[in-house]
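S.K.:
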Amino acid sequence: MKDPEAVAAIVSALRETHGDNVARAFLADGVTLAALVDAVFSLPIRNSVAVRAIARALESGDFVISPDIGPLWHVKYVYSHPSSMTVVDMVVLTPERTFASTEISLRLRV
């Protein structure tokens, strides 16, 4: 693993939110970015810490991202309201298109 701390944060969030069996299935079969955001944001941690955990997981290379978004991409944060610092969702921007969090799936690389 390239970033074991990022992977551990995601695994812990999925386990705490959904239980061991569902977390294993998500990691093996894929979990949408939207479900991951919901899981991590439901933890009793600061919003900024949750955002960093998800961003690190996306950038780590430890997860296979589907569909293949290519080498050039950027995460755009969706805030609860204008001038808020509370992130409520994420979208992935590529030169070709924008992917909603429901369109992106992450699977743990084996």
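Per the numbering used here, residue 826 is the first one in the sequence shown, and the count goes up by one each step.
Idealized CB from N, CA, C, for every residue including glycine.
Where Ser-891 and Leu-931 are concerned, what is the direct C-alpha to C-alpha distance, given to the nearest angstrom?
M.R.: Taking the first residue of the sequence shown as 1, we reach residue 891 at position 66. Taking the first residue of the sequence shown as 1, we reach residue 931 at position 106. Their Cα atoms are separated by approximately 6 Å.
S.K.: Give the secondary structure of Thr-919 by DSSP, where H, G and I count as helix, E and B as strand, and everything else as coil.
M.R.: Start at 1 with the first residue of the sequence shown, and residue 919 comes out as number 94. Coil, per DSSP.
S.K.: Got a sec, what are the start and stop residues for the alpha helix (DSSP H) Arg-849 sits in?
M.R.: In the sequence shown, the residue the question calls residue 849 occupies position 24. Element bounds for Arg-849: 845-854.
S.K.: Between the alpha carbons of Ala-853 and Ala-833, how many angstroms are there, rounded?
M.R.: By one-based count along the sequence shown, residue 853 stands at place 28. By one-based count along the sequence shown, residue 833 stands at place 8. About 15 Å.
S.K.: Figure out for me which residue from Leu-918, Met-915 and Arg-877 has the closest Cα to the Cα of Ala-831.
M.R.: Residue 831 sits at position 6 when you count from the first residue of the sequence shown. With distances taken between Cα atoms, Ala-831 lies closest to Arg-877.
S.K.: Quick one: what does DSSP say Asp-863 is sitting in, helix, strand or coil?
M.R.: Locating residue 863 in the sequence shown gives position 38, where the first residue counts as 1. Here Asp-863 sits in helix by DSSP.
S.K.: Can you list, in chain order, the residues of its chain whose CB lies under 8 Å from that of Val-903, leaving out five sequence neighbours each side?
M.R.: In the sequence shown, the residue the question calls residue 903 occupies position 78. Here the set comprises Val-912, Val-913, Asp-914, Met-915 and Val-916.
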